[in-house]
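Data block below; observations after.
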Amino acid sequence: MLSLVGEALWFILPAYFANASPVIFGGGRPIDGGRKFRDGRPIFGPGKTVRGFLGGLSVGTIIGGFQTLTTNDLELLPLAFLLSLGALCGDLFGSFVKRRLGFERGRPFPLLDQLGFLLFAVIFALPLRVPSLSIFIILLVITPIIHLLANCFAYSLGLKKEPY
Numbered sequence: 100m101l102s103l104v105g106e107a108l109w110f111i112l113p114a115y116f117a118n119a120s121p122v123i124f125g126g127g128r129p130i131d132g133g134r135k136f137r138d139g140r141p142i143f144g145p146g147k148t149v150r151g152f153l154g155g156l157s158v159g160t161i162i163g164g165f166q167t168l169t170t171n172d173l174e175l176l177p178l179a180f181l182l183s184l185g186a187l188c189g190d191l192f193g194s195f196v197k198r199r200l201g202f203e204r205g206r207p208f209p210l211l212d213q214l215g216f217l218l219f220a221v222i223f224a225l226p227l228r229v230p231s232l233s234i235f236i237i238l239l240v241i242t243p244i245i246h247l248l249a250n251c252f253a254y255s256l257g258l259k260k261e262p263y
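To convert, count from 1 in the sequence shown and add 99; that's this note's numbering.
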C-alpha cells in the first residue's frame, strides 16, 4: 500500500507544485484582463494572473525535469507539462464556477478547491499516461489533506490570506 501511495505522489507531483506555486509568482495582470462574464461578474477574478499561471506551469514542468533526470524516463517531462497545465486549468475552472455562484475571492468551496485541479490534471495527462484505478483513488483520498496542509503552510509564511 505504501508503495502505491509513493507511486501516486510521484505521478501527481508536478500538478501539486504547479497548483501551489502561483501564490509565489502571482500578481500583475489578471488572466481575464479584468473583463466580466455575461452575468456581470469577473470571468476568473483578479487573483488569477498571467504571471501566476506561467510561474505554476514552469515550476510543475521543472519538477518533471528533475523526475526525468532521476529516472531517465523521457516521457516524464511532457507528462509534467500536461499535468501542470491541467492543474492550472482546473484551478481556473474552479474560479470560473465560484464567480458564477457569487463566491467572493478566497472563499472556500470544499471539494472543488481540493479536487478540481487534480481531476483536470489527470484528464490532461491521459494522452501520455493513464493512472491505475488504485492510484486514482489514492489521489482522491490524499489530495484534500495535502491541499489543506499546503495552504496552512503558505498561510503561515504569509503567502496566503486564508489558511484553507
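For every residue, glycine included, the Cβ atom is placed at its ideal position computed from N, Cα and C.
Minimum Cα-Cα distance from R128 among the listed residues V149, L227, A220, S194 corresponds to V149. When only Cα atoms are considered, G144 and L191 end up about 10 Å apart. Its Cα nearest to that of P207, the residue H246 stands out among R228, T160, H246. Judged by DSSP secondary structure, R150 falls within the alpha helix (DSSP H) whose first and last residues are 149 to 170.
In terms of Cβ geometry, G159 and F116 form a close pair [threshold 8 Å]. Annotation for S183: P113, A114, A117, G155, L156, G159, T160 place their beta carbon closer than 7 Å to its own, counting only its chain and skipping 5 residues before and after. Judged by DSSP secondary structure, G205 falls outside any alpha helix (DSSP H); it is assigned neither H nor E. In the structure shown, the three-state DSSP call for P113 is helix. Distances from the alpha-carbon of L108 to those of Y263, E261, L238 put L238 closest.
Minimum Cα-Cα distance from L187 among the listed residues I222, E106, P141 corresponds to I222. A contact is defined here as three or more CB-CB pairs under 8 Å, and the segment 159 to 179 fails this definition with respect to the segment 133 to 140.
Unbroken alpha helix (DSSP H) runs of no fewer than 4 residues, entirely contained in the segment 171 to 197, are not found. L218 sits close to G189, with the two beta carbons spaced by under 8 Å. Taking 8 Å as the cut-off, the Cβ atoms of V122 and A253 count as close.
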